Amino acid sequence: MKKNSFLLENLKYFSTSYPSVIDLSLNRVFNLLCKLDNPHLKLPPIIHVAGTNGKGSTIAFIASILQSAGKSIHIYTSPHLSKINERIVISNNQVTDEVLYEALNHCVKINNSDPITQFELLTCVSFHLMSKHFADLAIIETGLGGRLDATNVHPNPLISVITSISRDHEKFLGNKIEQIAREKGGIIKKKIKCISSFQLQKVQKELTNISKNNNAELLLCGRNWNYEKINNSFRIYDKANDLNFPLPKMNGLHQIENAALAAYTAIQIKSIGLSKNHIEEGIINAKWPARLEEIHTGYIKKIIPMGYKVWIDGGHNVSAAKVINDWIKTERKKHFIDKFILICSFAKTKNAAKILNIFRQNIDEIIFLEIPQLKNFYSNKELSKIATNLSIKNSCYSSIDFAIKSLKPVKSGKVLIFGSLYLAGEIIKLNDSYMC
Numbered sequence: 050m051k052k053n054s055f056l057l058e059n060l061k062y063f064s065t066s067y068p069s070v071i072d073l074s075l076n077r078v079f080n081l082l083c084k085l086d087n088p089h090l091k092l093p094p095i096i097h098v099a100g101t102n103g104k105g106s107t108i109a110f111i112a113s114i115l116q117s118a119g120k121s122i123h124i125y126t127s128p129h130l131s132k133i134n135e136r137i138v139i140s141n142n143q144v145t146d147e148v149l150y151e152a153l154n155h156c157v158k159i160n161n162s163d164p165i166t167q168f169e170l171l172t173c174v175s176f177h178l179m180s181k182h183f184a185d186l187a188i189i190e191t192g193l194g195g196r197l198d199a200t201n202v203h204p205n206p207l208i209s210v211i212t213s214i215s216r217d218h219e220k221f222l223g224n225k226i227e228q229i230a231r232e233k234g235g236i237i238k239k240k241i242k243c244i245s246s247f248q249l250q251k252v253q254k255e256l257t258n259i260s261k262n263n264n265a266e267l268l269l270c271g272r273n274w275n276y277e278k279i280n281n282s283f284r285i286y287d288k289a290n291d292l293n294f295p296l297p298k299m300n301g302l303h304q305i306e307n308a309a310l311a312a313y314t315a316i317q318i319k320s321i322g323l324s325k326n327h328i329e330e331g332i333i334n335a336k337w338p339a340r341l342e343e344i345h346t347g348y349i350k351k352i353i354p355m356g357y358k359v360w361i362d363g364g365h366n367v368s369a370a371k372v373i374n375d376w377i378k379t380e381r382k383k384h385f386i387d388k389f390i391l392i393c394s395f396a397k398t399k400n401a402a403k404i405l406n407i408f409r410q411n412i413d414e415i416i417f418l419e420i421p422q423l424k425n426f427y428s429n430k431e432l433s434k435i436a437t438n439l440s441i442k443n444s445c446y447s448s449i450d451f452a453i454k455s456l457k458p459v460k461s462g463k464v465l466i467f468g469s470l471y472l473a474g475e476i477i478k479l480n481d482s483y484m485c
C-alpha cells in the first residue's frame, strides 16, 4: 500500500511539475526522442488519428475490432478522465503505476531539464514504452491539431484517420475552419492512405489539397465512401464494398458515424487479415467511458432522487453540444420525460453562451457546478448570468452532492452531466469511490 501511495504521489508530482501549457512545436519532442534513441521509429505499424470530435470513440472502435481479431495493440490517447495511466495501453493492457513511474523517471533524467511540456514528455514516455514491448499495431491520437502535434513524428504510419473537424482551440489552431483543417490535416503523409469522416466543404477542400501535395489517397465520407443507418444496423458502401454492420452499443447517432469510420478504416487495412466478423464483434464490444454513458451503480445512483436516470458525457465544445442536443431531442420523442436537467461547467476557452443556447429549447433547467481549483473555468456567477440572459432556468451549487440532492422526485426524469472532461473525470472518481 505504501509503495502504491508513493507511486501515485510521484505521478501527481509529474502532473504539476511540467507545464500543461500548449506550445505547438516539434523541436523539443525530436530532441528528447533523439536522446532516447528514437523509439518512435521502432514502433509497430501506426494508425494515426486526428480530428476535433470523436477521436476517442473512433479509437475505441478500432481497438475493439483489432482485439476481436486477436491482435495485440499499443494505444496512446489524451486527455485522461481519472488517472494519467488511462492514456497509455501497452500490449492490450493499461500501463501500471510502477511501469509508468519508472519510464517517466528515465525520460526526465534523459531530458536533463531541457524545456518540454507535459504532453510532449508523456508522448515521448509512451513511445519509449511501446518500443520496448511487442504489439501488432499502435493507435496514436493527436493531442491538439496535427501538423505540429507532439505525436506527429513518424514519417510513414500504416494509415491516417481524420474524424469530424470543427471549430475548437481557435487560440492555437486559428479562427477559420480552413486553418483548423490545415493543422489537423498535417498528419497526412506522403503516399499514405487517409480515411476521413464526413467534413464541411471548406474542410474537404483543405484535406484534398494536402493529400494531393503528398500524393496520398484521401477517402472522404460522402465522396469516396458512405454509410447509412438501416433499422437496427448500418450500411457501409463504396464502389467495391456494400456491407451491413450491427449498431454500436454506445449511445447517440454520432457513434454510428464513429463506428462507420472505424469499420471503413479496418476494411482499408488489407494487410492484417481482418474479417467482417472481426469488425462486427469489435463494433458490438466497443466501450468508451463518459461518452453518453449511463450511470447504473455507485454513489451518484445511490443519492439521486426517485425517478431520475443519470448520464455523463465529456463533450465540451459547440459541435459536441449539437450532437448531445440531437440525442436529447430523440430521447424526448421516444420517452415521456418530466424533467431533463443539465449539470455542467465549462472552461473559459469555450463559448459557453453558444453552447447553452443550443440546449435552450430541449432542457428544463441547468445546474452549474463551481470548480474553484481551476482558474481557467467560468464561475457559477458568470455562467448563471449567461443562462439568465438566454431565459434558461438555472441554479448553482458548489458540489455534485448538493446539485443531485437538490432535485425533487419525478415520475420520469433525466440528468446529463456535460461540458468538461475534467468534470466527467472527477464525477466518475467520486462515483467509483462509493461503489455499491
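With the first letter of the sequence shown counted as 1, position 5 gets the number 54 in the working numbering; the numbers rise by one all the way through. Every residue, glycine too, gets a C-beta built ideally from N, C-alpha and C. Note that the coordinates shown come from a computational prediction; the quantities given were computed from them, not determined experimentally.
Just curious, the beta strand (DSSP E) that leucine 153 is in, first and last residue? Here leucine 153 belongs to no beta strand (DSSP E); instead the alpha helix (DSSP H) covers 146-160.
In three-state DSSP terms, what is glutamate 419?
coil
- Message: In the DSSP output, what is alanine 396 paired with across the bridge?
- Response: Phe426
In whole angstroms, give me the CA-to-CA distance for asparagine 406 and leucine 439.
7 Å
Fill in: threonine 379 burial status per 10 Å Cβ neighbour count (16 or more: buried)
exposed
query: For valine 144, which of Pro164, Asn161, His177 and Asn160 has the nearest alpha-carbon?
result: His177
Residue(s) in a DSSP beta bridge with serine 282: Ile279 and Pro295
| Who are the Cβ neighbours of lysine 278 in its own chain at under 7 Å, not counting the five residues just before and after it? | Ile305
Test item: CB-CB of phenylalanine 389 and lysine 463 under 7 Å: yes
- Can you list, in chain order, the residues of its chain whose CB lies under 7 Å from that of alanine 112, leaving out five sequence neighbours each side? Ile122, Ile124 and Ile188
#### Entry: Enclosing alpha helix (DSSP H) for alanine 309 [first to last residue]
303-317
* Asked: Is the distance from the Cβ of leucine 31 to the Cβ of glycine 474 below 7 Å?
  -> Any question about residue 31 goes unanswered here, given that the chain covers just 50 to 485.
Open item on the list: Are the CB atoms of leucine 82 and cysteine 173 within a distance shorter than 7 Å?
Closed with: yes
Considering only residues of the segment 206-244, which uninterrupted beta strand (DSSP E) runs meet the minimum length of 3 residues and lie entirely inside it, listed in chain order?
208-211
message = Going by DSSP in three states, valine 359 sits in which element: helix, strand or coil?
response = strand
Item checked: Run of the beta strand (DSSP E) containing cysteine 445, from where it starts to where it stops -> 443-446
Return the residue from the list Ala265, Lys254, Pro206 and Ser180 that minimises the CA-CA distance to alanine 152. Ser180
Whether or not the segment 453-467 and the segment 355-365 are in contact is what I'm after, with contact meaning three or more pairs of Cβ atoms, one per stretch, closer than 8 Å; do they touch?
yes
Checklist line | serine 140 (DSSP reduced to helix, strand or coil) | finding: coil
With a cut-off of 8 Å, do at least 3 Cβ pairs link the segment 321-331 to the segment 410-419? no
Handout entry: Per-residue DSSP class, three states only, for isoleucine 477
Key = helix
Practice problem: Give, in chain order, every unbroken run of the beta strand (DSSP E) that is at least 3 residues long and sits entirely within the segment 79-143. | Solution: 95-99, 122-125 and 137-139
Give the single residue among Lys158, Ile133 and Asn141 whose Cα lies nearest to the Cα of glutamate 147.
Ile133
By the three-class DSSP mapping on this structure, what secondary structure does cysteine 485 have? Model confidence at cysteine 485 stands at a pLDDT of 46, short of 50, so the residue's coordinates are unreliable; what they give is reported in the following sentence. Correct three-state label for cysteine 485: coil.
On the criterion of 16 or more Cβ atoms from any shown chain inside 10 Å, does glycine 271 qualify as buried, or is it exposed? exposed
| Cβ shell of isoleucine 441 (< 6 Å), same chain only, five flanking positions each side left out | Arg409 and Ile415
Exercise for the section: Could you check if histidine 203 is buried or exposed, using at least 16 other CB atoms within 10 Å of its CB as the buried criterion? Expected result: buried
> Is proline 164 buried or exposed, if buried means 16 or more other CB atoms sit within 10 Å of its CB?
Replying inline: exposed
**Q.** the segment 283-294 in contact with the segment 227-242 per 3-pair CB rule at 8 Å
**A.** no
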